[in-house]
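2 protein chains.
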Amino acid sequence: MEKTTSARTRLIEATFNLIEQQGYHGTGLNQIIKESGAPKGSLYYYFPDGKEQLVSEAIELYGQALAERIRGVLKNADNPAEIIKLIFTNFAKKLDASGCTKSGSFATIVLETSNTSERLRKACNRMYDSCSASYTEMFMTHGFSEKRATQIATLITTSMEGAIILCRAKQSSEPLIQIAEELKSYINHAKSEMSN
Amino acid sequence: MEKTTSARTRLIEATFNLIEQQGYHGTGLNQIIKESGAPKGSLYYYFPDGKEQLVSEAIELYGQALAERIRGVLKNADNPAEIIKLIFTNFAKKLDASGCTKSGSFATIVLETSNTSERLRKACNRMYDSCSASYTEMFMTHGFSEKRATQIATLITTSMEGAIILCRAKQSSEPLIQIAEELKSYINHAKSEMSN
DNA sequence: TAAAAATTATAACAATTGGTCTATATAAAC
DNA sequence: GTTTATATAGACCAATTGTTATAATTTTTA
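From first to last, the protein sequence lines are chains A and B.
Under my numbering, the first sequence is numbered contiguously, ending at residue 196.
Under my numbering, the second sequence is numbered contiguously, ending at residue 1196.
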């Protein structure tokens, strides 16, 4: 089972790796093949729909992994504010580790293809929904109303994605760190107002 | 003066228009020429450094216009929370007017080129700094400490950029509207805590 | 009107793009 | 051991990418 799927998954992994650094159109299939080390003939065998399918599955795979990771961290959280801060600082660490080259987000794909590929747009949208839902769920289990929980979840999702962009532009993880602190104090404030 | 610069500026305008819809690598020079209606031979006459220079100047031009627009709106603001909300809802309107195709942000360029072009990365970064500084300035004139003003400005800048991405993915301006409301109440809260 | 400068046209460039094709190998099943 | 899927190799495709070079054309200046 390992050997059979390895070429396929190597292609997917290389795809996401390169796209998060260079974008969708900036990443060629030849480069993906070289980076993955996968045999060239295998690409259209596993992904008959070509690049679009390849990227679509990369979004799906990475997105699910991301959503699960987040959900796992949120699971045993007793302090929502603290745990959100932790997630942001973790992202900052990963970004730093890559020299600020790998953002770990779908923003590029969205911005490049949302007007030309419904398939990719929807794949990205599902991932945002999935992550956002995880946040919402946690806040609700901590006593927030559904409406309030959803609002905060949206703010988290958007500021996360936006902070990553600022970090790439600045070549520094500082924006993520800053937002981490900011959101923490905001969530604490929201908590204290939970009565109304 | 109008006729002489018209081909040049038409090229720049077409460039920004297309890039915000399709990204940097997704937009070809041929398409820019066609869209702009500018003579083909003029491109490398006005922009000897090619695509990079063309895009760089597009960022500069659009960025300055954006920063000025924001600064103008903030100038005669007596209610910071309300004016921030207004800016976000204005962005939402513009996005809706384009059928959610034109984001009016530099995120694509950052994500696609920050690892390969210092020139473009820095150009985008300058624009973020410029906008962020406008927000900071306003909050300071309304009594916020410099530190606090900067923090809130960063949250505004990041969540704006992130919200735009969510809107593109969702094909709806709803995230921008939601964040508009959320930030408004947040700023009001921050204002009430200004004493410490 | 002649000379100079600014602008545009056109063709070609090598390189690369995403994608298709057929032939060959490797493995599994009977 | 022969047949049948599964998988890989690699040449090939037309189209397009950004870029360069040179020629023709305007426009400005003298």
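In this text, a Cβ means the ideal position worked out from N, Cα and C, and glycines have one as well.
Predicted model, so just to flag it, every value in this text is computed and none were measured.
message = With a threshold of 8 Å between beta-carbons, can A77 of chain A be considered close to chain B, or not?
response = Contact of A77 of chain A with chain B is not assigned, every C-beta pair being separated by 8 Å or more.
ask   = Which residues in the same chain have their Cβ closer than 7 Å to the Cβ of A1123 of chain B, if we skip the five residues on either side of it in sequence?
value = Closer than 7 Å at the Cβ level, and outside the excluded window around A1123 of chain B, lie S1056, I1059 and E1060.
ask   = A1025 of chain B touches chain A at which residues, Cβ-Cβ below 7 Å?
value = The residue you asked about is not Ala; residue 1025 of chain B is His in the sequence shown. Result: G23, H25 and G26.
key: chain B contacts from the region 160–186 of chain A (Cβ-Cβ distance under 7 Å)   = Taking 7 Å as the Cβ-Cβ cut-off, the region 160–186 of chain A approaches chain B at M160, E161, G162, A163, I165, L166, R168, A169, K170, P175, Q178, I179, E182 and Y186, given in chain order.
query = Straight-line CA distance for K1040 of chain B to E1182 of chain B?
reply = Whole-angstrom Cα-Cα distance: 47 Å.
request  = Return the residue from the list A:T113, A:Y128 and A:A92 that minimises the CA-CA distance to E991 of chain B.
outcome  = The structure shown does not extend to residue 991 of chain B, since chain B is modelled only from 1001 to 1196, so the question has no answer here.
key: Start-end ranges of the alpha helix (DSSP H) lying completely within the region 3–91 of chain A, minimum 4 residues   = Whole alpha helix (DSSP H) segments, 4+ residues: 29–36, 43–46 and 51–75.
inquiry  = Just to confirm before moving on: does the CB-CB distance between T1158 of chain B and G63 of chain A stay below 8 Å?
reply    = Result no, Cβ atoms of T1158 of chain B and G63 of chain A do not sit closer than 8 Å.
key: Supposed close pair S1042 of chain B, A1014 of chain B - CB separation, criterion 8 Å   = 12 Å between Cβ atoms; not a contact.
ask   = So C1124 of chain B is in the alpha helix (DSSP H); what residue range does that whole segment cover?
value = Element bounds for C1124 of chain B: E1118 to T1141.
message = In the DSSP assignment, the alpha helix (DSSP H) including G162 of chain A goes from what residue to what residue?
response = Unbroken alpha helix (DSSP H) run through G162 of chain A: E146 to K170.
Where T108 of chain A falls: helix, strand or coil (DSSP) = Of the three classes helix, strand and coil, the one that applies to T108 of chain A here is helix, per DSSP.
ask   = Any C-beta of chain A sitting closer than 8 Å to the C-beta of L1029 of chain B?
value = At a cut-off of 8 Å, the C-beta of L1029 of chain B has no neighbouring C-beta in chain A.
key: Extent of the continuous alpha helix (DSSP H) run through E193 of chain A   = Judged by DSSP secondary structure, E193 of chain A falls outside any alpha helix (DSSP H); it is assigned neither H nor E.
inquiry  = Given this structure, state the Cα-to-Cα distance separating K147 of chain A from T1009 of chain B, to the nearest angstrom.
reply    = Those two C-alpha atoms are separated by around 46 Å.
task = Spatial neighbours of T1004 of chain B within its chain, please: CB distance less than 6 Å, with the 5 preceding and 5 following residues excluded, ordered by chain position.
result = The predicted position of T1004 of chain B is uncertain, since its pLDDT is 45 and thus under 50; no value can be drawn from it.
message = So for S185 of chain A, helix, strand or coil by DSSP?
response = DSSP places S185 of chain A within a helical segment (H, G or I) once states are collapsed to three.
ask   = Which class does K1102 of chain B belong to by DSSP, given the choice of helix, strand or coil?
value = Here K1102 of chain B carries a coil assignment [DSSP, helix/strand/coil].
query = Less than 8 Å separating the beta-carbons of A1169 of chain B and R71 of chain A?
reply = Not closer than 8 Å, so no.
task = Would you mind sorting G1099 of chain B into buried or exposed? The rule is 16 or more other CB atoms within 10 Å of its CB.
result = By the neighbour-count rule (16 or more Cβ atoms within 10 Å), G1099 of chain B is not buried but exposed.
message = Tell me which residues share the same chain as D96 of chain A and place their Cβ nearer than 6 Å to its Cβ, disregarding the 5 neighbours each side in the sequence.
response = Only S173 meet the Cβ criterion.
inquiry  = Please list, in chain order, the chain A residues whose beta carbon lies closer than 7 Å to that of Y1128 of chain B.
reply    = Going along chain A in sequence order, the residues near Y1128 of chain B (Cβ under 7 Å) are L166 and A169.
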